[in-house]
Amino acid sequence: MTEISSMLITHVKASIEEMERSWHGDLEKVLKKLYSHELVYECAILKTCNRVEIYVVSPKGSKMLIDFAKEMGVPDKIVDFYDHEDSLRHLLRVASGLESMIVGEDQILGQIKELFNIAKKSGTIGKTLETAFNKAIQVGKRVRNETRINKGSVSIGSAAVELVEDILKYLNNKTILVIGAGTMGFLVARALAHKNVNKIFVANRTFERAVRLAVELCGRAVPYELMNNYLKISDVVISATSAPHYVLTKKMVESAMEGRDKKLLLVDIADPRDIEPKCAEIPNVELHNIDSLKIISDRNLQRRIEEAKKAEIIVEEELKLLKAQYKRQKADKILKDLYSLAESIKKREQQKAMNKLSAYHTLGEIEQEVISDLCHSIAYKILAEPTKVLRNAAEHNDEDFLNTTIKLFGLDGSK
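Position in the sequence shown (first residue = 1) + 4 = this note's numbering.
Right, here's the structure in full:
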């Protein structure tokens with residue numbers, strides 16, 4: 005089994021702007037481009053608003069990813085490269101919510117499942133990464149079942165609302181416009197539901213989805229094309245669409261600010277960004293994006309530090325099990341190749357023996373069966389003891405013995 009290597013760009017080192025500059029193109033196209041490399045046997049990409057992580061199975065994974073990062077124009081200061089064990093540990097931590105900006109948030113687990121399925125659909129996932137991602141999903145569920153790491157305000161959406169409260173102090177006389185009725189918009193709505201907001205408007209390109217979300221908020225759905233009218237009367241705008249372009253431009257916000265003297269607070273939690281950064285230049289407009297949520301993240305981390313410690317113990321327990329699972333898989337692969345080699349030799353030598361005997365007389369069915377059984381018995385009895393020893397080596401993490409076996413029998417241990 006060739007090991008996993010990973011390349012990580014996350015909120016820990018990179019700003020939202022740096023992450024946007026480091027990512028080019030459609031997810032599936034980038035996956036297929038990576039997979040087309042002759043030394044990449046498997047690959048998967050985990051891309052969210054806070055991270056771009058690339059996982060590959062390759063005999064030269066680290067070098068290939070370093071070259072790929074240069075090709076993408078990623079600055080050295082914001083990227084990390086991990087080997088097999090660190091890649092596995094990191095993936096389990098991500099699924100557990102330990103690496104999220106909002107520690108313990110649940111959304112990341114759904115994102116991992118979704119991006120794993122995209123890679124499977126694209127045909128870029130094999131047994132090695134499938135084992136890692138299945139374990140990550142299992143560990144993410146276990147952490148949330150056995151700890152309280154995800155209790156309370158733990159999503160990007162809820163953190164955005166918390167940020168608004170920090171800035172405005174109270175929301176009961178405010179008018180809020182939520183743009184976007186997808187997953188992130190729903191998380192914003194859930195956080196706003198208990199805040200006693202004066203008025204909430206919901207705008208979405210698909211009006212029916214805006215209506216459904218507005219009902220949950222006891223708010224009002226507004227047609228997307230009339231959004232500018234509601235922008236003018238709102239105190240706060242939280243934007244969370246999946247649009248590939250700005251939904252609020254500087255020109256639109258300038259128009260909304262004409263003739264009004266009250267402040268407008270804009271919070272952009274979309275990926276890519278919904279609100280043109282130049283909006284921050286407009287008088288009386290305050291613009292925040294995901295980078296601003298780090299203050300909320302630090303505060304949440306202090307609340308959850310004990311639960312995070314419990315989660316870390318679970319991650320290390322499960323990492324040991326995962327490493328042992330890979331060792332068993334490697335032993336199984338060696339045994340499969342070994343038995344395949346034995347079967348090939350058996351058939352070849354069996355045919356030779358039959359050809360020699362046939363030169364003297366025609367072999368009957370019983371004679372052919374006896375020769376076949378004899379060859380099979382010899383081959384498999386010879387392999388019986390090596391099979392036990394190999395399985396024992398896998399159980400005791402004897403990597404050197406497994407690698408020696410591959411070399412001794414001339415097996416292909418890479419794929």
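The C-beta atom is built at its ideal place from N, Cα and C for all residues, glycine as well.
Nothing here was measured: the structure is a model prediction, and the numbers come from that model.
For the set E89, L43, A397 and Q111, the Cα lying nearest the Cα of L69 is the one of L43. Between E290 and L269 the beta-carbon gap is near 5 Å, inside 8 Å, which marks them as a contact. Under a 10 Å Cβ-count criterion, N202 is classified as exposed, with fewer than 16 other Cβ atoms of the shown protein chains found around its own Cβ. Within the region 161 to 232, the runs of beta strand (DSSP E) that reach at least 3 residues and sit entirely inside it are, in chain order, 179 to 183, 203 to 208 and 224 to 227.
Distance check between N121 and each of T409, Y228, E347 and L35 places L35 closest, using alpha-carbon atoms only. Across the set K340, Y330, S348 and L394, the C-alpha of S348 shows the shortest separation from the C-alpha of S376. Counting the other Cβ atoms within 10 Å of the Cβ of E212 gives fewer than 16, which makes it exposed. For L92, the three-state secondary structure derived from DSSP is helix. With three or more CB-CB distances shorter than 8 Å, the region 165 to 181 counts as touching the region 189 to 202. Boundaries cannot be given for I237, as no alpha helix (DSSP H) includes it and DSSP labels it neither H nor E. If you compare the alpha carbons of G130, L12, L119 and K117 with that of F72, the shortest gap goes to L12. For L38, the three-state secondary structure derived from DSSP is helix. In this model, V56 and H198 are separated by some 33 Å (Cα to Cα).
Classified as buried, Y45 has 16 or more neighbouring CB atoms from the shown chains inside 10 Å of its CB. Just so you know, the alpha carbons of R209 and A123 end up roughly 28 Å apart.
Between I116 and L50, the C-beta gap is smaller than 8 Å, which places the two residues in contact. Only residues of its own chain outside the window of five on either side were considered, and among them L96, A99, S100, I318, V319 and E322 have a CB closer than 8 Å to the CB of V143, listed in chain order. The closest CA to that of M261, considering only K236, I141 and V241, is found on K236.
The alpha carbon of I129 has as its nearest neighbour, out of Y59, E371 and R146, the alpha carbon of Y59.
The criterion of a C-beta distance shorter than 8 Å is satisfied by A136 and I8. The C-beta of H94 has 16 or more other C-beta atoms within 10 Å across all chains shown, which makes the residue buried. Between L221 and A185, the gap from beta carbon to beta carbon reaches 8 Å or more. Closest in C-alpha terms to I160, from the list T187, K145 and L175, comes T187. For Q355, the closest of G29, L196, L133 and E371 by C-alpha to C-alpha distance is E371. With fewer than 16 other CB atoms across the displayed protein chains lying within 10 angstroms of its CB, N149 is exposed.
Counting the other CB atoms within 10 Å of its CB gives D239 a total of 16 or more, which places it among the buried residues. Between the alpha carbons of S259 and K267 lies a distance of about 14 Å.
In the assembly as shown, G127 is an exposed residue. Its beta-carbon has fewer than 16 other beta-carbons within 10 Å. Taking a 10 Å sphere around the C-beta of L412, we find fewer than 16 other C-beta atoms and assign the residue as exposed. One thing to note: A346 has its Cβ within 8 Å of the Cβ of L387. Bridge pairing for K51: V56 [DSSP].
In the displayed model, H249 falls within coil according to three-state DSSP, outside both helix and strand. Per the coordinates, the alpha-carbon of K37 lies some 34 Å from the alpha-carbon of L342.
When the Cα atoms are used, R277 and C53 turn out to be separated by approximately 9 Å.
About 5 Å separates the CB atoms of S301 and M105; that is less than 8 Å, so the two are in contact. It is roughly 13 Å from the alpha-carbon of L230 to the alpha-carbon of A214.
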